[in-house]
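Numbering (the UniProt record's numbering), first residue to last: 1 to 371. Glycine residues also receive a C-beta, built at the ideal position from the N, C-alpha and C atoms. As the structure is a prediction and not an experimental result, all values here were calculated from the model. Reviewing the structure listed below.
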């Protein structure tokens, strides 16, 4: 790619070694992980708009392209796209509005994009796809109708992305995704006896999971959970998370922990695993569903939202997918089929003051969304 110089420094997450590792993770996931490809290959409609990156190499322009939302997305489709998960800044930045619509369609120089978006463009092209979805540039921000329509389809947008780039250090859009780090693998000598025919596995260190302020933002929960694959650009290393495995630069082998607590994607998929059980046994308690759902709610309600009125809409993508897969009916975030259990929720005292209550809300007071 001529627009950016190659970064030879292995201490940068923009190095060729990092891009190569990210491509390897994605290739292995596509090839070896049926649960991940099943979610991705499920028929979902394309986003209404995508950023067309095919002109970046030739003339350094990024164009906003309107696609046909009635098309069905397949894995071999030429419109494979990457999505970006990032934190919105408190200061104004370039967005798609009625006044910038025409200019974005014609194409804008990539240098005019915030640095985080520039980095996302580069990562996308190095991973392979030619299209990128960024909320602020693909949803008309000054159109209530467009924002309402697109936010309601957020589930399909993230489920349909080949992979989601997570800009962990994007407190400011000028921070970017890439970072320099004093990266070295420590030398470690252990004396132990390992039986070769033992079914046990051995590891010298617990796999570090991605963490940071971004993952405690309310909107990011569904962006993380609904994406079958996520590539985290963290402050110290790259992390990979898909439905089937986790990995990072220190532990590049894709490890399956079979633990929904360590992998919220898997927790969400387990919600969709047994809809037939509830249909066949409507009076039985499906603990798998209920426990996975309450675990997801605990995660979401501990996260922060800039606008408290977004509590339902920021969660709506996950609710819509569950309704579609199970046939359940959501009543203000409470499942009608499990209402005798759902109404037993309670708020944790330590977190109550952080959330407050919704002002002028028409939601019923028995819904957890109001607190």
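Step through the CB atoms of chain B and report whether any lies within less than 9 Å of the CB of residue i.
| i | result |
| --- | --- |
| residue 96 | Note that chain B does not occur in the displayed structure, where there is just one protein chain. |
Among the options, which has the Cα closest to the Cα of residue i?
| i | options | result |
| --- | --- | --- |
| residue 46 | 160, 17, 23 | 160 |
| residue 378 | 231, 216, 173 | Because the chain here runs from 1 to 371, residue 378 falls outside it and cannot be looked at. |
| residue 14 | 83, 123, 305, 41 | 123 |
| residue 33 | 242, 341, 18 | 242 |
| residue 369 | 328, 25, 314 | 314 |
| residue 217 | 310, 150, 177, 131 | 310 |
| residue 296 | 249, 156, 318 | 318 |
| residue 144 | 96, 104, 50, 302 | 96 |
| residue 294 | 57, 50, 338, 181 | 338 |
| residue 225 | 102, 316, 67 | 316 |
| residue 347 | 336, 366, 362 | 366 |
| residue 306 | 22, 82, 269, 89 | 89 |
| residue 41 | 50, 49, 30, 264 | 30 |
| residue 246 | 25, 20, 100, 103 | 25 |
| residue 303 | 371, 237, 335 | 371 |
| residue 106 | 56, 83, 308 | 56 |
| residue 267 | 251, 80, 291, 175 | 291 |
| residue 322 | 50, 17, 39 | 39 |
| residue 220 | 86, 171, 19 | 86 |
| residue 212 | 21, 237, 155 | 237 |
| residue 51 | 117, 18, 37, 233 | 117 |
Would you decide whether residue i is buried or exposed? Buried here means 16 or more other CB atoms lie within 10 Å of its CB.
| i | result |
| --- | --- |
| residue 204 | With a pLDDT of only 48 at residue 204, under 50, the local geometry of the prediction cannot be trusted, and the value read off the model is given with reservation. Label assigned to residue 204: exposed. |
| residue 158 | buried |
| residue 120 | buried |
| residue 1 | Low local confidence applies: a pLDDT of 45 at residue 1 is under 50, so the model's placement there is unreliable, with the coordinate-based value given in what follows. Counting Cβ neighbours within 10 Å, residue 1 comes out exposed, since fewer than 16 surround it. |
| residue 58 | exposed |
| residue 324 | exposed |
| residue 286 | buried |
| residue 109 | exposed |
| residue 134 | buried |
| residue 66 | exposed |
| residue 239 | buried |
| residue 180 | exposed |
| residue 102 | exposed |
| residue 210 | buried |
| residue 298 | exposed |
| residue 153 | buried |
| residue 227 | buried |
Tell me residue i's beta-bridge partners as DSSP assigns them.
| i | result |
| --- | --- |
| residue 109 | 61 |
| residue 246 | 241, 255 |
| residue 293 | None; residue 293 has no bridge partner. |
| residue 142 | In the DSSP output, where bridge partners are listed per residue, residue 142 has none listed. |
| residue 180 | 12 |
| residue 163 | 82 |
| residue 123 | Note: residue 123 sits in no beta bridge, so no partner. |
| residue 52 | 63, 131 |
Can we say the stretch 107 to 119 touches the stretch 56 to 70, given the rule of at least three CB pairs closer than 8 Å?
yes
Segment contact, 8 Å Cβ cut-off, at least three pairs: the stretch 132 to 147 with the stretch 88 to 102:
yes
Segment contact flag, the stretch 247 to 255 with the stretch 317 to 331, C-beta cutoff 8 Å, min 3 pairs:
The stretch 247 to 255 vs the stretch 317 to 331: no contact.
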